[in-house]
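Beneath this line is the structure, given in structure tokens, with notes to follow.
Number of protein chains: 2
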Amino acid sequence: MYRSHNCGELNASNINTEVTLAGWVQKSRDKGFMNWVDLRDRYGITQLIFDESRTDKTVFELAKTLGREFVIQVKGTVIEREAKNKNIPTGEIEILVTEMTVLNAALTPPFTIEDETDGGEDIRMKYRYLDIRRNPVKNSLLFRHKVAMEVRKYLSDLDFCEVETPYLIKSTPEGARDFVVPSRMNEGQFYALPQSPQTFKQLLMVGGMDKYFQIVKCFRDEDLRADRQPEFTQIDCEMAFVEQEDILNVFEGLTRHLLKEIKGIDVDKFPRITYDYAMKTYGNDKPDIRFGMEFGELNEFAKHKDFPVFNAAELVVGIAVPGAGNYTRKEIDGLIDWVKRPQVGASGMVYAKCNDDGTFKSSVDKFYDQDDLTQWAKITGAKSGDMIFVLSGPADKTRGQLSALRMELATRLGLRKPEEFAPLWVVDFPLLELDEETGRYHAMHHPFTSPKPEDMHLLATEPGKVRANAYDMVLNGNEIGGGSIRIHDKATQQLMFKYLGFTEDEAKAQFGFLMDAFQFGAPPHGGLAFGLDRLVAILGGQETIRDFIAFPKNNSGRDVMIDAPAKIDDAQLKELHIKIDSI
Amino acid sequence: MYRSHNCGELNASNINTEVTLAGWVQKSRDKGFMNWVDLRDRYGITQLIFDESRTDKTVFELAKTLGREFVIQVKGTVIEREAKNKNIPTGEIEILVTEMTVLNAALTPPFTIEDETDGGEDIRMKYRYLDIRRNPVKNSLLFRHKVAMEVRKYLSDLDFCEVETPYLIKSTPEGARDFVVPSRMNEGQFYALPQSPQTFKQLLMVGGMDKYFQIVKCFRDEDLRADRQPEFTQIDCEMAFVEQEDILNVFEGLTRHLLKEIKGIDVDKFPRITYDYAMKTYGNDKPDIRFGMEFGELNEFAKHKDFPVFNAAELVVGIAVPGAGNYTRKEIDGLIDWVKRPQVGASGMVYAKCNDDGTFKSSVDKFYDQDDLTQWAKITGAKSGDMIFVLSGPADKTRGQLSALRMELATRLGLRKPEEFAPLWVVDFPLLELDEETGRYHAMHHPFTSPKPEDMHLLATEPGKVRANAYDMVLNGNEIGGGSIRIHDKATQQLMFKYLGFTEDEAKAQFGFLMDAFQFGAPPHGGLAFGLDRLVAILGGQETIRDFIAFPKNNSGRDVMIDAPAKIDDAQLKELHIKIDSI
Chain B
1 MYRSHNCGEL NASNINTEVT LAGWVQKSRD KGFMNWVDLR DRYGITQLIF
51 DESRTDKTVF ELAKTLGREF VIQVKGTVIE REAKNKNIPT GEIEILVTEM
101 TVLNAALTPP FTIEDETDGG EDIRMKYRYL DIRRNPVKNS LLFRHKVAME
151 VRKYLSDLDF CEVETPYLIK STPEGARDFV VPSRMNEGQF YALPQSPQTF
201 KQLLMVGGMD KYFQIVKCFR DEDLRADRQP EFTQIDCEMA FVEQEDILNV
251 FEGLTRHLLK EIKGIDVDKF PRITYDYAMK TYGNDKPDIR FGMEFGELNE
301 FAKHKDFPVF NAAELVVGIA VPGAGNYTRK EIDGLIDWVK RPQVGASGMV
351 YAKCNDDGTF KSSVDKFYDQ DDLTQWAKIT GAKSGDMIFV LSGPADKTRG
401 QLSALRMELA TRLGLRKPEE FAPLWVVDFP LLELDEETGR YHAMHHPFTS
451 PKPEDMHLLA TEPGKVRANA YDMVLNGNEI GGGSIRIHDK ATQQLMFKYL
501 GFTEDEAKAQ FGFLMDAFQF GAPPHGGLAF GLDRLVAILG GQETIRDFIA
551 FPKNNSGRDV MIDAPAKIDD AQLKELHIKI DSI
Chain Z
1 MYRSHNCGEL NASNINTEVT LAGWVQKSRD KGFMNWVDLR DRYGITQLIF
51 DESRTDKTVF ELAKTLGREF VIQVKGTVIE REAKNKNIPT GEIEILVTEM
101 TVLNAALTPP FTIEDETDGG EDIRMKYRYL DIRRNPVKNS LLFRHKVAME
151 VRKYLSDLDF CEVETPYLIK STPEGARDFV VPSRMNEGQF YALPQSPQTF
201 KQLLMVGGMD KYFQIVKCFR DEDLRADRQP EFTQIDCEMA FVEQEDILNV
251 FEGLTRHLLK EIKGIDVDKF PRITYDYAMK TYGNDKPDIR FGMEFGELNE
301 FAKHKDFPVF NAAELVVGIA VPGAGNYTRK EIDGLIDWVK RPQVGASGMV
351 YAKCNDDGTF KSSVDKFYDQ DDLTQWAKIT GAKSGDMIFV LSGPADKTRG
401 QLSALRMELA TRLGLRKPEE FAPLWVVDFP LLELDEETGR YHAMHHPFTS
451 PKPEDMHLLA TEPGKVRANA YDMVLNGNEI GGGSIRIHDK ATQQLMFKYL
501 GFTEDEAKAQ FGFLMDAFQF GAPPHGGLAF GLDRLVAILG GQETIRDFIA
551 FPKNNSGRDV MIDAPAKIDD AQLKELHIKI DSI
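What follows is the structure, given as structure tokens:
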């Protein structure tokens with residue numbers, strides 16, 4: 001061992017102890033006759049002191065040559081510090097150094113190893129191993145480990161068995177794009193990396209494993225949006241002999257346990273709202289309910305006058321923004337411009353200010369009187385001093401636009417508090433969604449999701465109206481988990497593939513093994529998957545997942561540190577029976 | 001919930017309770033007026049009784065239609081069983097069924113779902129989801145989970161942090177073949193799947209994570225030998241500021257913990273032997289030390305007579321086989337044939353029987369007198385009633401042959417007891433090994449392993465003699481883990497690449513990021529990796545890993561259940577900028 005203690009554990013109780021420490025030079029302050037060095041490791045910082053009058057001359061001189069991030073080992077005595085630092089656990093002591101070895105020198109790092117660094121995203125990613133030395137990143141990784149351990153303990157204590165499913169599986173055209181792996185031993189054939197272990201966990205249920213979980217990497221070859229990674233981690237779970245209610249209870253329990261153990265927060269029973277309710281009330285299937293600003297539908301009190309914009313609209317809908325009644329004309333115009341940006345896409349916005357005296361002043365006073373506006377206030381829940389913003393147009397689009405505005409205003413008003421947690425379940429998702437480009441229906445969750453039995457009769461005639469036994473767990477405006485009760489009989493699964501546009505041959509070629517399995521005694525089953533990257537980020541009070549991933553890729557799917565992907569040898573290509581197809 | 005209890009938990013204390021159970025029909029015995037059904041789930045078997053006089057007629061008739069592996073749900077009352085079964089926890093009770101629902105019918109399974117099945121390997125793999133219902137496979141998977149949980153708990157309690165390293169990395173020609181993944185977004189470029197997270201865990205040490213572990217899938221595209229899998233799982237570990245001794249202690253502690261927690265076995269401090277000692281004493285760097293039969297080198301007492309075979313040999317070496325003195329001529333000839341098989345490759349074998357009266361009878365009495373043979377017995381440790389077998393030839397080859405014989409005889413003699421555990425460390429491995437085909441030296445462990453400082457001076461002149469700070473943990477004749485202290489400075493790493501035949505450009509292109517990292521303050525570090533598949537198999541008392549993997553691949557790297565790998569669409573190939581290169 002290069003050390004007797006780490007850099008975070010010595011305190012006044014260790015005074016006069018002889019110790020050996022090792023770590024990195026965080027900084028040094030050379031006062032000529034006295035030299036202090038902050039020695040850092042994962043566990044903390046301990047101050048070293050080199051004193052002309054008490055330290056061996058060679059050691060004293062060597063200390064003056066230390067640069068930032070040098071790796072050193074020191075021996076010395078724990079002594080009481082003159083100027084104590086109450087902010088760190090080791091702040092009462094320092095080490096009077098007697099011996100020192102430089103274990104490794106260091107070039108000057110390309111950015112400062114501080115909580116607030118001067119390095120931009122790109123350079124920090126290239127030197128990620130230096131970035132990880134910074135507390136925010138290091139602590140995020142330690143935090144992630146803690147969350148993962150708690151998840152495993154909780155589920156394992158409930159008799160869930162973690163089973164590793166294969167990474168080299170079969171490509172299926174359904175859903176997102178697969179990453180594929182050419183097989184050297186099977187010419188012209190490919191494995192695919194799993195987008196999720198979906199079929200395997202279902203087969204484990206057919207196999208009687210009863211309760212399965214796995215913290216597992218999954219892969220999607222998608223064009224990357226910000227904060228998406230081609231490889232990501234799921235907490236993947238499945239249970240047999242359960243109904244939706246059982247699954248909601250188990251994983252609500254898990255989430256409550258995490259909030260309690262990790263954050264020390266007690267949360268009540270999670271609200272459960274339907275997809276339809278979520279869309280009508282928040283314009284969003286992953287609503288942030290830490291704040292109000294619920295939608296008020298105003299058709300009745302907005303389409304009865306001569307305002308042609310509203311009269312032509314399918315939906316007129318508004319929100320009351322608390323305390324925004326004093327927004328200046330400039331601020332309001334700014335918000336109108338904001339909703340008219342192409343990313344939001346509204347064509348305009350109406351507003352009504354709720355005065356302190358109970359009267360209203362709106363941008364459409366020409367059309368609506370105080371009685372109308374009183375109704376608007378009532379329906380949106382606006383109070384004196386609030387501002388009502390109203391959008392109109394096709395129902396789905398308008399809801400989306402108002403949702404965007406609601407989230408933006410909440411952010412601006414500081415209502416999205418990172419250390420406040422408001423989980424909920426959204427249930428009764430539609431089974432299918434229409435792809436407007438192709439006119440075809442797609443599975444909203446995946447093709448293995450079971451329709452609600454009472455809606456089965458609508459499959460042939462009104463497929464868009466069929467609800468699924470599918471549910472999402474939403475936390476602070478993010479979907480952190482989702483799942484469904486699965487189909488467990490061959491006939492229903494075949495029917496589902498048919499409605500999704502598979503020919504019988506296609507269904508058999510891709511999922512024949514699953515349908516076969518259903519014939520040999522498949523139990524009712526269901527499950528869900530949490531996105532671990534997102535979950536830890538939110539629990540950690542962050543919106544971005546990147547610092548919770550040790551070695552993330554950039555938006556081109558590139559690891560800039562190791563410079564991957566990269567070209568491979570021709571010999572390697574030849575062995576794999578492939579060649580590059582340049583165009 | 002489809003059940004109030006599982007099939008393993010009801011006993012006499014539950015008599016008269018109304019319960020709901022769900023599970024699979026294991027078997028049914030129809031006595032006409034009485035019908036017993038064994039209902040099975042992951043947790044056990046509970047007997048159901050349908051009685052013409054007490055059971056509703058519809059239910060009674062329905063019970064007669066149940067086939068093996070039907071999935072049913074029953075309600076009923078727990079009653080005392082007439083014929084008790086002491087062998088199972090539920091053996092004192094049965095359920096008098098009042099209601100029954102068939103949740104799913106089942107085709108007759110293609111093999112029996114019993115501990116001893118009638119299904120061969122191939123059919124069991126094709127229907128792996130049925131195979132998993134069998135206790136031996138199910139229990140192996142549960143056992144694996146238990147081991148993995150204990151590993152995580154133990155390491156986490158020692159402040160190890162589990163960090164997920166990336167799966168999409170860069171291909172390196174060194175070592176075994178990589179599986180590669182074409183990048184759609186970077187034409188002509190490929191990711192590789194990791195053979196191990198080696199460089200990443202070293203970068204985590206450079207990053208100050210101090211103690212890292214990960215239970216992680218790794219990938220090697222090798223021609224598969226029996227019991228090898230293209231994807232396998234490692235317990236991957238690394239520590240900073242440690243010397244070899246520290247690592248041996250930590251992971252000896254882990255293994256001792258597992259043996260205690262999982263098997264209830266206390267193990268003393270693990271023996272530590274050098275690679276040289278292991279090769280000389282057991283002909284093998286992963287010796288099974290549950291039994292003796294240590295090698296006795298006989299050159300001194302075998303090369304002084306006129307026996308030309310021994311005189312021409314570099315090494316004459318023997319083992320004493322306990323109690324084999326009574327082997328018949330036929331048995332001995334069988335063993336001689338066995339060592340002459342091409343897989344072993346000996347050209348012949350000499351034997352000497354140790355008679356009860358202290359005399360010897362050998363196959364080379366013409367050349368060696370009783371005094372010589374007494375020496376042989378002394379050196380091999382042979383006692384009355386034992387048999388000495390002697391091989392000769394080139395030293396390394398002959399040791400390998402005698403090791404094969406030693407293991408074969410131990411197996412035949414029942415000395416390799418699955419429930420006896422004899423772990424040890426083998427240390428001081430050679431740094432390099434000569435590839436006889438190419439005449440080039442390869443890293444025996446990997447190119448990041450540090451040479452012993454005291455051997456560094458031999459690198460240029462006698463590279464084969466340089467020892468590494470490398471070690472293996474061996475358990476019952478299997479290498480279950482191995483690792484090394486790593487190089488942590490750029491100069492040594494560059495030197496190593498040079499000796500391994502890398503040009504400077506090649507080294508830089510492949511491992512430049514690591515050598516860069518070493519310049520920014522890399523701490524001394526080292527680690528090891530356990531093979532989890534093998535570890536759980538051995539702890540489970542098995543020699544084969546396949547039953548401890550939920551969905552293993554066959555020897556052609558094929559998943560016969562899902563039929564992967566498989567062809568992919570031309571459109572998919574096009575997107576990936578590759579085409580099939582048929583010859």
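Here the protein sequences come in this chain order: B and Z. Residue 1 is where the first sequence starts when you use the numbering used here, and the numbers rise one by one after that. Residue 1 is where the second sequence starts when you use the numbering used here, and the numbers rise one by one after that. Just so it is clear, CB atoms sit at the ideal spot from N, CA and C, and this is done for glycine as well.
Backbone CA spacing between residue i and residue j [nearest angstrom]
| i | j | result |
| --- | --- | --- |
| M239 of chain Z | G482 of chain B | 37 Å |
| L204 of chain B | P463 of chain B | 30 Å |
| R42 of chain Z | K383 of chain Z | 51 Å |
| E162 of chain B | I215 of chain B | 8 Å |
| R152 of chain Z | G264 of chain Z | 18 Å |
| S140 of chain Z | I132 of chain Z | 9 Å |
| Q493 of chain B | A192 of chain B | 23 Å |
Residue-chain proximity (residue i, chain B), Cβ-Cβ < 9 Å
| i | result |
| --- | --- |
| F530 of chain Z | no |
| Q234 of chain Z | no |
| A507 of chain Z | no |
| H257 of chain Z | no |
| L168 of chain Z | yes |
| E543 of chain Z | no |
| C161 of chain Z | yes |
| N85 of chain Z | no |
CB contact below 9 Å: residue i versus chain Z
| i | result |
| --- | --- |
| T90 of chain B | no |
| Q519 of chain B | yes |
| D435 of chain B | no |
| H577 of chain B | yes |
| I79 of chain B | no |
| L535 of chain B | no |
| K567 of chain B | yes |
| F200 of chain B | yes |
The ligand ADP heavy atom lying under 8 Å from the CB of residue i
| i | result |
| --- | --- |
| G325 of chain B | This structure simply doesn't include the ligand ADP, nor any ligand for that matter. |
Contact set between residue i and chain B, taken where Cβ atoms lie within less than 8 Å
| i | result |
| --- | --- |
| L204 of chain Z | Y129, I132 and A550 |
Interface partners of residue i on chain Z, CB under 8 Å
| i | result |
| --- | --- |
| F513 of chain B | M561, I562 and D563 |
| K574 of chain B | D581 |
Under 9 Å by beta carbon: chain Z residues contacting residue i
| i | result |
| --- | --- |
| W24 of chain B | G208, G521 and P523 |
| H488 of chain B | V71, L103 and N104 |
Amino acids of chain B, ordered along the chain, whose beta-carbon sits closer than 9 Å to that of residue i
| i | result |
| --- | --- |
| T165 of chain Z | A550 and F551 |
Legend entry - At least three beta-carbon pairs within less than 8 Å, the segment 81 to 91 of chain B to the segment 56 to 73 of chain B: Under the Cβ criterion (8 Å, minimum of three pairs), the segment 81 to 91 of chain B does not count as touching the segment 56 to 73 of chain B.
Legend entry - Under 7 Å (Cβ pairs) to chain B, residues found in the segment 207 to 218 of chain Z: The residues in question are G207, G208, M209, D210 and K217.
Inset, instruction - Could you name the residues of the segment 123 to 156 of chain Z whose beta carbon sits closer than 7 Å to any beta carbon of chain B, in the order they occur along the chain? - result: Against chain B - using a Cβ distance shorter than 7 Å - the residues of the segment 123 to 156 of chain Z are Y129, L130, I132, R133, K138, L141, L142, H145, A148, M149, R152 and S156.
Inset, instruction - Decide if the segment 566 to 582 of chain B is in contact with the segment 3 to 13 of chain Z; the criterion is three or more beta carbon pairs, one per stretch, under 8 Å apart. - result: Not touching, per the Cβ criterion.
Inset, instruction - Give, in chain order, every residue of the segment 91 to 121 of chain B whose Cβ lies closer than 7 Å to some Cβ of chain Z. - result: Residues passing the 7 Å Cβ filter: L103, N104, A106, L107 and P109.
Legend entry - Residues of the segment 461 to 478 of chain B whose Cβ lies closer than 9 Å to any Cβ of chain Z, in chain order: Residues passing the 9 Å Cβ filter: none.
Inset, instruction - Would you check if there are 3 or more beta carbon pairs closer than 8 Å linking the segment 137 to 155 of chain Z to the segment 129 to 136 of chain B? - result: Output reads no: the segment 129 to 136 of chain B does not touch the segment 137 to 155 of chain Z.
Legend entry - Under 7 Å (Cβ pairs) to chain B, residues found in the segment 1 to 34 of chain Z: Those would be M1, Y2, R3, A22 and W24, in chain order.
Legend entry - the segment 225 to 239 of chain Z / the segment 166 to 173 of chain B touching (three or more Cβ pairs under 8 Å): Yes, the segment 225 to 239 of chain Z is in contact with the segment 166 to 173 of chain B.
Inset, instruction - Select from the segment 264 to 278 of chain Z all residues with a C-beta closer than 8 Å to any C-beta belonging to chain B, and list them in chain order. - result: Result list empty, no residue passes.
Inset, instruction - Indicate whether the contact test is met: 3 or more Cβ pairs, each with one atom in the segment 170 to 190 of chain Z and one in the segment 556 to 571 of chain B, closer than 8 Å. - result: These segments touch.
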